[in-house]
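For reference, the structure discussed in these notes is given below.
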Amino acid sequence: QGQFPAMVIGSVYVSDEDDHDRQDKTFEVDASTSPEVAARFKVDLYTGNITMVKGTSAGTHVLRVKVHDNFRREMAIGQTTINVVDLTLSAVMQSGSLRLAN
C-alpha cells in the first residue's frame with residue numbers, strides 16, 4: 001500500500017560466456033522500456049541491482065535492461081517481468097522470511 005521505501009528487489013541477468021566478470025559490465029534501462037516502468041524501477045549502472053521506488057503501483061511491469069560487456073565489447077538485453085501486488089495488513093502480519101546461505 002505504498003508504505004515501503006525504495007528497495008532493491010533483484011538484479012539483471014543475461015546469459016554470458018564469462019559470467020564471472022561483473023566488474024567489466026555496465027547496466028542501463030533500455031529505451032524500449034515504457035517511460036512509466038523506467039520511472040518506477042532504477043538499475044544500478046555497475047551492479048545491475050534493480051531498485052523499486054516508493055509508491056510503485058500494483059501490476060505487471062516489464063523492464064528491459066542493456067548489459068554492456070566493456071571488455072569483450074558485447075551487448076545483450078535482459079528482460080525481467082516484475083509482478084507487484086498489494087498485500088493486506090493481515091498477510092503482512094502473518095508473513096515470515098527465510099534466508100539461505102551457501
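Counting with my numbering, you get residues 1 to 102 for the letters of the sequence shown.
Where a beta carbon is used, it is the ideal one built from N, C-alpha and C, also for glycine.
Legend entry - Host alpha helix (DSSP H) of Ser11 (start-end): Ser11 -> not in any alpha helix (DSSP H); beta strand (DSSP E) instead, spanning Met7 to Ser11.
Inset, instruction - Answer yes or no: do Lys66 and Glu28 have a C-beta to C-beta separation smaller than 7 Å? - result: yes
Inset, instruction - Please work out which residues of its chain come closer than 7 Å, Cβ to Cβ, to His61, disregarding the five sequence neighbours upstream and downstream, and give them in chain order. - result: Val37, Arg40, Phe41, Ile82 and Val84
Legend entry - Collapsed DSSP secondary structure at Val92 in the structure displayed: helix
Inset, instruction - Could you check what DSSP says for Asp86 in three-state terms: helix, strand or coil? - result: coil
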